[in-house]
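Everything on this sheet refers to the single structure shown next.
In the working numbering, the protein residues as written are 15 to 169.
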C-alpha cells in the first residue's frame with residue numbers, strides 16, 4: 015500500500031488556511047478511495063523522520079519547506095513542492111514564471127509605490143503588494159494589472 019502524508023497549512027500565515035484544509039481533506043479522501051494509506055498532519059507535528067512514498071502539502075512555513083526540500087532532494091515525491099511555494103511568495107516572480115510557461119495572464123508590471131501615479135491605476139487597474147508573506151523581507155513592490163471586463167489589455 016502506498017503511504018502518503020498530507021500536511022495542513024499553518025493558521026498563523028496570511029490567506030485562507032481553512033480552504034486549504036478542506037482541499038487537503040478532500041485530496042486525502044480521494045487517495046484513500048484509490049487504496050492509499052493517508053496520514054494527515056499539522057505542520058508542527060511533521061518531524062521529517064517519517065518515511066512516506068509521497069507528501070502532499072499546503073504548508074507555507076519556512077522551516078517545514080526546508081525539510082520538504084531536503085526530502086525532495088532525496089527522491090521523495092512532493093505535491094505542491096517547496097520551490098513552487100517560494101515562487102508563490104513573490105508575486106513579481108510568480109508572474110514572470112507564469113509568462114515563461116505560457117500562462118495567459120493580464121499584462122502586469124512591478125513598480126515601487128512611490129513611482130505609481132494616479133493615472134497609472136485608473137480604468138479598472140488592480141494594485142497588489144508583490145510580496146505576500148511575513149517572512150519574506152524583500153523590498154516591497156506593487157504589481158499593477160489593468161483589466162477591461164473579462165479581457166486583459168496592456169498597460
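Ideal Cβ placement from N, Cα and C applies to all residues, glycine included.
Since the model is a prediction, treat every value here as computed from it, not as a measurement.
Here residue 52 is near residue 18, since their CB atoms are less than 7 Å apart. For the 7 Å CB-CB criterion, residue 24 and residue 75 form a contact.
Scanning 59, 58 and 70 for the CA closest to the CA of residue 20 turns up 70.
By the neighbour-count definition (other C-beta atoms within 10 Å, threshold 16), residue 60 is a buried residue. Distance from the CA atom of residue 22 to the CA atom of residue 37, rounded to whole angstroms, is 9 Å.
Of the other Cβ atoms in all chains shown, fewer than 16 fall within 10 Å of the Cβ of residue 46; this residue is therefore exposed. Taking the Cα positions, residue 87 is about 11 Å away from residue 80. Around the C-beta of residue 117, fewer than 16 other C-beta atoms lie within 10 Å, and the residue is accordingly described as exposed.
Taken atom to atom, the span from the alpha-carbon of residue 83 to that of residue 110 is near 22 Å.
Taking the C-beta atoms as reference points, residue 108 is found nearer than 7 Å to residue 101.
Taken atom to atom, the span from the alpha-carbon of residue 129 to that of residue 122 is near 15 Å.
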